[in-house]
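Asker: The structure's right below; bear with me while I get my questions together.
There are 2 protein chains.
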Amino acid sequence: MGISHEELQLAARNHGMPLEALRWDVTPIGLHYLLTHYDIPSVDERAWRLSVDGLVGSAQSFSLDDLRALPGHEVVSTMECAGNGRARLTPRPVSQPWLQEAVGTGRWRGVRLRDVLERAAPADGAVEVLFTGLDRGVEGGEHQAYQRSLPLAVAQDGDVLLAYELNGAPLPPQHGFPLRLLVPGWYGMTNVKWLAAITLVDAPFGGYQQTQGYRFRITEDDEGVPIRLMLPRALMLPPGVPEFMTRARTLEAGTHALEGRAWSGQAAIDAVEVSVDGGAKWAAAALEPERLGRWAWRHWTYRWAAAPGEYELACRARDAAGNVQPLAPEWNVGGYANNAVQRISVGVV
Amino acid sequence: MGISHEELQLAARNHGMPLEALRWDVTPIGLHYLLTHYDIPSVDERAWRLSVDGLVGSAQSFSLDDLRALPGHEVVSTMECAGNGRARLTPRPVSQPWLQEAVGTGRWRGVRLRDVLERAAPADGAVEVLFTGLDRGVEGGEHQAYQRSLPLAVAQDGDVLLAYELNGAPLPPQHGFPLRLLVPGWYGMTNVKWLAAITLVDAPFGGYQQTQGYRFRITEDDEGVPIRLMLPRALMLPPGVPEFMTRARTLEAGTHALEGRAWSGQAAIDAVEVSVDGGAKWAAAALEPERLGRWAWRHWTYRWAAAPGEYELACRARDAAGNVQPLAPEWNVGGYANNAVQRISVGVV
């Protein structure tokens, strides 16, 4: 495979969710996937302020206490890195080399973004909301703060949060302390961490993270299409026990409840199917009701009577918009959104 | 460099500490390095018991509440993976490919192991204490539970804990919930997670993790020497800002306080030195007093008047036993304990 030194540097500091953590509805702190473009900044909560300005009637500045005094809202939301699956593409686009584990589900609490925007009174002509983080670095040759924008209508959705808590505690530093954006259903890069400024603007944002990064491109000179909502994906909790180095799985013969989670940002999950023969035959998994709200992954199970032998397990999700996971990866320049089905080799003894 | 698919699988699920986290005395949950040999087990706290038996006068079984009712003890302890630095060896031993970030410092709280051993009354003839975790897998061709032992005298040290808290909260699942061993000064593999059984035995433990794994060997057929206490290491918080992909650092000209941490399990840290020219000249860093106890890393600083140009920064620690970090890696079969000095390329503009 030949992962480079630069990719390894990223893989050693960022991390995926070990797939056995699929057992939890809400991912414990430290197991949720984490991708940090630059460095995790150090933020003094007492000095920190969130500014809201640009095309507004009334520019605002909030302390964390100011935000906590506004009505709170909680969303359980599954977040996936747009680059998840990148390292399974051939040739492999060079960046953070995720296999399929760049996901996690958080119980996020904060204030609705629309409540904050209302106080600032967006002016006529404002079309986008630009979010600026405190994290700074170089990308594509440009010194920059991490910035992303949302169309005003998306920003006004009632589940879009300025989140100050994760799983009932203040945000950990690595997840954006003291405040981050949380846009359920969108890929991870949308959810700007270490938020410092919100700016109402009169034209689509032309910065690096939207015009260069995070676009589907088939060729380098392709303008591309922006990456936004998560495509459907099902993941299976690898059954049995692993070999340390190869992660090869061994399972005792008998009936086992295979289980996992499935999500899509595009529409609700409609069905999950399982194959135990590498994708030749598929059977429906039992999909649990939506217990955690629209934006969280759904738990699924599948009873498997496993006789001794070698198997390739696979699972795939379909959403209500008709999106299905492909059996093989679909290549693109940036290595984004490869939601090809997961495959797990298991020896049953 | 050519990292393999198997190494990448490990790198994607395990994770190092992003080096900017050197700014914190105690590493926030989720930033401490993490290595899981097999899978993180699911433990039902109500059903869980710790057994203490073998060569004892009075076999014991403890619930978590039983242990919490015993006198508590807290230790701030720096923990480093024995494989830290492995990926900087040539040829590279194939296992978890750490560069230099497999470290973290925790505020661990629990009961002293010796208090628990006293209740069980070790019998004459007991020479070692064997620790068995709930994590199971295959390694070296053997199905096994993760097991390691300690000489009885080490186990009776007053800072050796059965820890049930990290940083003031119950252990996270990935750090061994509900109980783990904590042996300050020893490399990470010693600190058995998801602890289920403690067994007093009359002979040195001959299991995989001590007779096959975690030994210094210069050739494959070498019997080797067990890896135990951490060698000294200093790490520097990378100054300036990074480029996303290459992690190349850019810093503005001027006077900067370089900073980092240093630790050794062998003896107290005696000195830290810094070089800004790749190791040709060294100067003493200012070493903070031991504020967090003997087992925690020590903070150090170094004022650097940086003129524009290209630099290779380096740092090295020496401990009171006279151990110093080598300038170049020293190879061994398993890729253990490579504490060669850290080097950071910085462009000053």
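If you're matching them up, the sequences are chains A and B in order. For the first sequence, the working numbering begins at 1 and goes up steadily by one. For the second sequence, the working numbering begins at 1 and goes up steadily by one. Virtual Cβ for every residue (Gly too), placed ideally from N, Cα, C.
What's the gap between the Cα of A/Val26 and the Cα of A/Ala321?
Answerer: Residue mapping note: residue 26 of chain A aligns to position 26 of the first sequence, counting from 1. Residue mapping note: residue 321 of chain A aligns to position 321 of the first sequence, counting from 1. When rounded, the distance between both Cα atoms is 25 Å.
Asker: Does B/Pro28 have its Cβ less than 7 Å from a Cβ in chain A?
Answerer: By one-based count along the second sequence, residue 28 of chain B stands at place 28. B/Pro28 counts as touching chain A.
Asker: Please compile the residues from chain A whose C-beta is within a distance smaller than 8 Å of the C-beta of B/Ser345.
Answerer: For the purposes of this step, residue 345 of chain B is taken as residue 345 along the second sequence, with counting starting at 1. Under the 8 Å cutoff, chain A gives no residues; its nearest Cβ is about 12 Å from B/Ser345.
Asker: For chain B, find out if any of its Cβ atoms is closer than 7 Å to the Cβ of A/Thr190; answer yes or no.
Answerer: Along the first sequence, one-based indexing puts residue 190 of chain A at 190. Chain B contact via Cβ: absent.
Asker: Cβ-heavy atom distance between A/Ala153 and the ligand GTP below 6 Å?
Answerer: As far as ligands go, the structure on display features none, and thus does not contain the ligand GTP.
Asker: Got a sec: is the Cβ-Cβ distance from B/Leu182 to anything in chain A below 7 Å?
Answerer: Residue mapping note: residue 182 of chain B aligns to position 182 of the second sequence, counting from 1. No, B/Leu182 lies away from the interface with chain A (no Cβ there is under 7 Å from its Cβ).
Asker: Only counting runs of 3 or more residues, tell me where the beta strand (DSSP E) segments fall wholly within the region 279-317 of chain A, in order along the chain.
Answerer: Those beta strand (DSSP E) runs which fall completely within the region 279-317 of chain A and span 3+ residues are 298-306.
Asker: Is the beta carbon of B/His5 sitting closer than 7 Å to the one on B/Leu34?
Answerer: Reading the second sequence from its first residue, position 5 is the one you call residue 5 of chain B. Reading the second sequence from its first residue, position 34 is the one you call residue 34 of chain B. No, the Cβ-Cβ distance between B/His5 and B/Leu34 is not below 7 Å.
Asker: Below 6 Å CB to CB, which residues in the same chain sit around B/Gly85 once its five sequence neighbours on both sides are set aside?
Answerer: As a position in the second sequence, residue 85 of chain B is number 85, starting the count at 1. Counting only Cβ-Cβ distances below 6 Å, and skipping sequence neighbours, we find Gln100 and Asn338.
Asker: From A/Arg88 to B/Arg180, what does the alpha carbon distance come to, in whole angstroms?
Answerer: Position 88 of the first sequence, counted from the start, is the residue given in the question as residue 88 of chain A. Position 180 of the second sequence, counted from the start, is the residue given in the question as residue 180 of chain B. Taking the straight line joining both Cα atoms gives about 36 Å.
Asker: May I ask you to report which of helix, strand or coil DSSP gives B/Val341?
Answerer: In the second sequence, residue 341 of chain B corresponds to position 341, counting from 1. Looking at B/Val341 - three-state DSSP - the assignment turns out to be coil, as it is neither helix nor strand.
Asker: Quick check on A/Phe131 - is its C-beta less than 7 Å from some C-beta in chain B?
Answerer: Taking the first sequence and counting its residues from 1, the one referred to as residue 131 of chain A is at position 131. Cβ-Cβ to chain B under 7 Å: no for A/Phe131.
Asker: To the nearest angstrom, how far is it from the Cα of B/Thr190 to the Cα of B/Gly158?
Answerer: Residue mapping note: residue 190 of chain B aligns to position 190 of the second sequence, counting from 1. Residue mapping note: residue 158 of chain B aligns to position 158 of the second sequence, counting from 1. Answer to the nearest angstrom: the Cα atoms are 16 Å apart.
Asker: Helix, strand or coil for B/Met189? Go by DSSP, reduced to three states.
Answerer: In the second sequence, counting from the first residue as 1, residue 189 of chain B sits at position 189. Three-state result, B/Met189: helix.
Asker: Could you tell me whether the region 42-50 of chain A touches the region 61-68 of chain A, using the rule of 3 or more Cβ pairs below 8 Å?
Answerer: Verdict: yes, contact present.
Asker: Of the choices A/His37, A/Ala271 and A/Glu20, whose alpha-carbon is the least far from that of A/Trp194?
Answerer: Position 194 of the first sequence holds residue 194 of chain A. When each option's Cα is compared against that of A/Trp194, the closest is A/His37.
Asker: Only counting the same chain, and skipping five residues up and downstream in sequence, which positions put a Cβ closer than 6 Å to that of A/Thr301?
Answerer: Here the question's residue 301 of chain A lines up with position 301 in the first sequence. Same-chain partners within the cutoff: Ala257, Glu259 and Ala286.
Asker: Quick check: what's the CA-CA separation for A/Gly152 versus A/Thr199?
Answerer: Counted from its first residue, the first sequence places residue 152 of chain A at position 152. Counted from its first residue, the first sequence places residue 199 of chain A at position 199. Position check: residue 152 of chain A holds Leu in this sequence, whereas Gly was assumed. Using only the alpha carbons, I get a separation of about 11 Å.
Asker: Is there a C-beta anywhere in chain B that falls below 7 Å from the one on A/Gln147?
Answerer: Residue mapping note: residue 147 of chain A aligns to position 147 of the first sequence, counting from 1. Taking Cβ atoms only, chain B never reaches closer than 7 Å to A/Gln147, which makes this a no.
Asker: Check each residue of the region 232-249 of chain B: if its Cβ is closer than 7 Å to any Cβ of chain A, include it; give the result in chain order.
Answerer: Listed by position, the residues of the region 232-249 of chain B near chain A (Cβ gap below 7 Å) are Val241, Pro242, Glu243, Phe244, Met245, Thr246 and Arg247.
Asker: Helix or strand or just coil, what does DSSP make of A/Tyr208?
Answerer: By 1-based counting over the first sequence, the position of residue 208 of chain A is 208. Of the three classes helix, strand and coil, the one that applies to A/Tyr208 here is helix, per DSSP.
Asker: For A/Leu229, I'd like the list of residues in its chain whose CB is within less than 7 Å of its CB, leaving aside the five on either flank, ordered along the chain.
Answerer: In the first sequence, counting from the first residue as 1, residue 229 of chain A sits at position 229. Gly185, Trp186, Gly265 and Gln266.
Asker: Using C-beta distances below 6 Å, list every residue in its chain close to B/Arg107, excluding the 5 sequence neighbours before and after it, in chain order.
Answerer: Against the second sequence, residue 107 of chain B aligns to sequence position 107. Result list for B/Arg107: Val26, Val76 and Asn167, in chain order.
Asker: Give me, in chain order, the residues of the same chain whose beta-carbon lies closer than 8 Å to that of B/Thr90; leave out the 5 immediate sequence neighbours on both sides.
Answerer: One-based indexing of the second sequence puts residue 90 of chain B at position 90. Counting only Cβ-Cβ distances below 8 Å, and skipping sequence neighbours, we find Pro329 and Trp331.
Asker: Residues of chain B with a CB under 7 Å from the CB of A/Ser42: which are they?
Answerer: Locating residue 42 of chain A in the first sequence gives position 42, where the first residue counts as 1. Result: Arg23.
Asker: Evaluate A/Gly140 with the Cβ neighbour count: other Cβ atoms within 10 Å of its Cβ, from every protein chain shown; 16 or more gives buried, anything less gives exposed.
Answerer: Numbered from its first residue, the first sequence carries residue 140 of chain A at position 140. So A/Gly140 counts as exposed.
Asker: Express the C-alpha separation of B/Asn323 and B/Leu231 in angstroms, rounding to a whole number.
Answerer: Reading the second sequence from its first residue, position 231 is the one you call residue 231 of chain B. Reading the second sequence from its first residue, position 323 is the one you call residue 323 of chain B. Taking the straight line joining both Cα atoms gives about 7 Å.
Asker: Run the CB neighbour count on A/Leu327, radius 10 Å, all protein chains shown included, and call it buried at 16 or more, exposed below.
Answerer: Position 327 of the first sequence, counted from the first residue, corresponds to residue 327 of chain A. Exposed is the call here.
Asker: Could you say if the region 305-321 of chain A and the region 242-257 of chain A meet the contact criterion of at least three C-beta pairs nearer than 8 Å?
Answerer: Counting Cβ pairs under 8 Å, three or more are found: they touch.
Asker: CA-CA distance, B/Pro226 and B/Phe216?
Answerer: As a working note, residue 226 of chain B is residue 226 in the second sequence. As a working note, residue 216 of chain B is residue 216 in the second sequence. Cα to Cα, B/Pro226 sits roughly 6 Å from B/Phe216.
Asker: What runs of the alpha helix (DSSP H), each 4 residues or longer, lie entirely inside the region 140-190 of chain A?
Answerer: Those alpha helix (DSSP H) runs which fall completely within the region 140-190 of chain A and span 4+ residues are 152-155.
Asker: Excluding five sequence neighbours on each side, which residues of the same chain lie with their C-beta closer than 7 Å to the C-beta of B/Val346?
Answerer: Taking the first residue of the second sequence as position 1, residue 346 of chain B is located at position 346. Around B/Val346: Pro239, Gly240, Arg249, Leu251, Tyr311 and Leu313.
Asker: Who pairs with B/Ser61 in a beta bridge, going by DSSP?
Answerer: Against the second sequence, residue 61 of chain B aligns to sequence position 61. BP columns for B/Ser61 point to B/Ser51.
Asker: Considering only the beta carbon of each residue, do B/Val201 and B/Leu130 sit closer than 7 Å?
Answerer: Within the second sequence, the letter at position 201 stands for residue 201 of chain B. Within the second sequence, the letter at position 130 stands for residue 130 of chain B. Contact: yes.
Asker: Using a Cβ-Cβ cutoff of 9 Å, what residues of the region 98-124 of chain A are near chain B? List them in chain order.
Answerer: Correct list: Trp98, Leu99, Gln100, Glu101 and Ala102.
Asker: Span of the beta strand (DSSP E) holding B/Glu74?
Answerer: In the second sequence, residue 74 of chain B corresponds to position 74, counting from 1. Unbroken beta strand (DSSP E) run through B/Glu74: Gly72 to Glu80.
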